[in-house]
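Undergrad: Protein chains in written order, with UniProt numbering: chain E, 1 to 212; chain H, 1 to 212. Yeah, the Cβ is synthetic: ideal placement off N, Cα and C, and Gly gets one too. Just so you know, these numbers come straight off a predicted model, no measurement behind them. Take this structure, written in structure tokens, and hold onto it; I'll ask about it next.
Below you can see the structure in the form of structure tokens.
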């Protein structure tokens with residue numbers, strides 16, 4: 001009788017092993033060999049999904065793209081205290097405030113570096129990354145101005161709101177950058193404060209009054 | 001008779017070779033061996049300054065720190081058209097709008113990565129990088145509000161202005177990040193437009209009216 005492999009379950013097992021390694025040992029510690037050891041699966045089973053460090057990064061990139069939307073959905077479902085607070089919480093899912101989010105950022109940056117040095121190979125990931133961030137910041141703008149939130153505002157909002165979404169996008173990327181550019185200089189609290197200050201500025205430009 | 005070596009001249013020759021390589025071939029192309037070939041100097045002369053790829057990056061980092069202030073001084077000396085335009089030009093010296101500035105950014109990011117993975121070795125560069133950006137954005141704020149510009153405002157400005165400097169700092173880093181995170185998505189014109197929009201926002205918060 002042929003053995004039946006639950007590919008989805010196996011994929012999840014491998015994904016968990018990859019995350020544990022990335023969070024514990026960083027990019028340098030996440031080799032194909034380490035994933036084999038960490039997951040307890042056979043080398044052959046692992047190599048079905050990736051065989052090089054670059055492929056491993058791409059696999060990790062796909063996990064991000066699959067899991068982050070669920071987290072955001074969770075935040076959107078929370079009966080948040082006020083619009084500005086909810087918008088901040090959405091954006092905070094994307095900035096490096098804990099190990100998980102720091103790892104997500106490092107994987108995204110590593111994939112951007114792959115695409116920069118070998119154009120074309122990771123084009124889809126990069127384009128989806130930029131588009132995904134913009135969808136998220138559109139959601140944050142809709143939350144800020146108290147509009148009904150559709151889950152995937154993939155089309156640009158009307159001009160004033162789209163401009164606000166672009167500003168929040170630049171803000172979130174700036175906060176990520178300051179963590180990357182100045183290791184050890186800024187605490188998660190510093191990053192969170194910058195994000196909240198920026199959201200307040202964008203909200204004020206949209207005529208949203210902060211709740212005290 | 002002993003040979004007299006003009007160390008400063010040699011250092012400049014090597015620096016030029018390193019820059020040519022970095023601009024032409026990127027970080028991966030800038031090996032110690034490539035610098036020997038590019039500079040026409042002996043291997044021994046090169047190895048007086050650096051012997052590994054990491055040391056080469058540190059040498060390139062020192063060149064940035066030596067040369068960027070001169071460029072900024074040049075911008076400050078220009079009789080700029082209006083304060084907002086001059087502030088934008090200052091910040092534009094730091095964002096990846098051409099090969100030289102893209103290379104500077106890559107070197108800074110590579111040194112940050114070295115410090116992140118081996119804490120303590122490049123601490124001084126990272127701290128100077130954060131402090132240097134803040135001095136620059138303080139200059140931009142002083143220019144924006146029409147104040148006399150001292151060349152090294154190393155101490156925080158008064159609260160409202162220091163907050164504006166922090167916002168411009170985050171803005172400049174965000175623009176750099178969007179170039180790094182989304183290779184091929186944003187043009188130099190996009191980056192410049194984001195920077196100018198952000199400067200206008202900060203200026204407006206300071207009560208500076210844009211000149212039409």
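Chain E partners of residue 130(H), CB-CB under 9 Å?
TA: 178, 181, 182, 185, 186
Undergrad: To the nearest angstrom, how far is the alpha carbon of residue 93(H) from that of residue 133(E)?
TA: 27 Å
Undergrad: Between which residues of its own chain and residue 46(E) is the CB-CB distance below 8 Å, once the five residues before and five after are set aside?
TA: Same-chain partners within the cutoff: 14, 32, 35, 36, 39.
Undergrad: Hey, does residue 127(H) have any beta-carbon neighbour from chain E nearer than 8 Å?
TA: yes
Undergrad: Under DSSP, the alpha helix (DSSP H) around residue 26(H) begins and ends at which residues?
TA: 7–29
Undergrad: Put residue 48(H) into one of helix, strand or coil per three-state DSSP.
TA: coil
Undergrad: Contact defined as beta carbons within less than 8 Å: I believe residue 103(H) pairs with residue 189(H). What is the distance between those atoms, to the nearest angstrom?
TA: Residue 103(H) to residue 189(H), Cβ: 20 Å. No contact.
Undergrad: Going by DSSP, what residue range makes up the alpha helix (DSSP H) through residue 178(E)?
TA: 159–181
Undergrad: Return the Cβ separation of residue 83(E) and residue 202(E) in integer angstroms, given the expectation that the two are a contact with Cβ distance under 8 Å.
TA: Incorrect: roughly 12 Å between the Cβ atoms, too far for contact.
Undergrad: If we ignore side chains and look at the alpha-carbon of each, how far apart do residue 175(H) and residue 191(H) end up?
TA: Between residue 175(H) and residue 191(H), the C-alpha separation is close to 6 Å.
Undergrad: Closer than 8 Å, CB to CB, is residue 117(E) near chain H or not?
TA: yes
Undergrad: At least one CB of chain E closer than 8 Å to the CB of residue 209(H): is that the case?
TA: Not a single C-beta of chain E is nearer than 8 Å to the C-beta of residue 209(H).
Undergrad: Name the residues in the stretch 141–175 of chain E whose C-beta lies less than 9 Å from a C-beta of chain H; which are they?
TA: 163, 166, 167, 169, 170, 171, 172, 173, 174, 175
Undergrad: To the nearest angstrom, how far is the alpha carbon of residue 44(H) from that of residue 112(H)?
TA: 28 Å
Undergrad: Within the same chain, show all residues whose beta-carbon is closer than 8 Å to that of residue 153(H), passing over the 5 residues directly before and after it, in chain order.
TA: 135, 138, 139, 142
Undergrad: Since residue 194(E) meets chain H, which of its residues come closer than 7 Å, beta carbon to beta carbon?
TA: 170
Undergrad: Which of the residues in the stretch 71–89 of chain H, read from start to end, lie with their CB under 7 Å from any CB of chain E?
TA: Going along the stretch 71–89 of chain H in chain order, one finds no residue with a Cβ nearer than 7 Å to chain E.
Undergrad: What does the alpha-carbon distance come out to for the pair residue 125(E) and residue 158(H)?
TA: 44 Å
Undergrad: Can you list, in chain order, the residues of the stretch 13–47 of chain E whose Cβ is nearer than 8 Å to any Cβ on chain H?
TA: 26, 28
Undergrad: Apply the 10 Å Cβ neighbour rule to residue 129(H) and answer buried if 16 or more other Cβ atoms are within range, or exposed otherwise.
TA: Around the CB of residue 129(H), 16 or more other CB atoms lie within 10 Å, so the residue is classed as buried.
Undergrad: Helix, strand or coil for residue 76(H), going by three-state DSSP, please let me know.
TA: helix
Undergrad: Going by the CB atoms, is the gap between residue 206(H) and residue 88(H) shorter than 8 Å?
TA: Residue 88(H) is not a Cβ neighbour of residue 206(H), given a cutoff of 8 Å.
Undergrad: CB residue 56(E) to CB residue 18(E), shorter than 8 Å?
TA: yes
Undergrad: Would you please state the rounded distance, in angstroms, between the beta carbons of residue 144(H) and residue 178(E)? I believe it to be under 8 Å.
TA: Incorrect: roughly 21 Å between the Cβ atoms, too far for contact.
Undergrad: By the three-class DSSP mapping on this structure, what secondary structure does residue 93(E) have?
TA: coil
Undergrad: By a C-beta neighbour count over all protein chains shown, 10 Å radius and 16 as the cutoff for buried, is residue 73(H) buried or exposed?
TA: exposed
Undergrad: Starting from residue 41(H), follow the alpha helix (DSSP H) in both directions and report where the run begins and ends.
TA: For residue 41(H), there is no enclosing alpha helix (DSSP H), as DSSP marks it with neither H nor E.
Undergrad: Tell me the rounded alpha-carbon separation between residue 20(H) and residue 64(H).
TA: 14 Å
Undergrad: Just the chain E side, please: which residues come within less than 9 Å of residue 110(H) by C-beta, in chain order?
TA: By Cβ distance, chain E contributes nothing, its closest Cβ being about 10 Å from residue 110(H), past 9 Å.
Undergrad: Tell me the DSSP secondary structure of residue 194(H) in three-state form.
TA: helix
Undergrad: How about residue 201(E): is its C-beta nearer than 8 Å to some C-beta of chain H?
TA: yes
Undergrad: From which residue to which residue does the alpha helix (DSSP H) around residue 103(E) run?
TA: 99–117
Undergrad: Between the Cα of residue 117(E) and the Cα atoms of 53(H), 183(H), 69(H), 204(H), which residue gives the shortest distance?
TA: 183(H)
Undergrad: Quick check on this structure: which residue in 50(E), 107(E), 48(E), 204(E) has the alpha carbon closest to the alpha carbon of residue 25(E)?
TA: Selected option, being the one with the closest Cα: 107(E).
Undergrad: Rank 155(E), 30(E), 48(E) by C-alpha distance to the C-alpha of residue 8(E) and give the top, closest one.
TA: 48(E)
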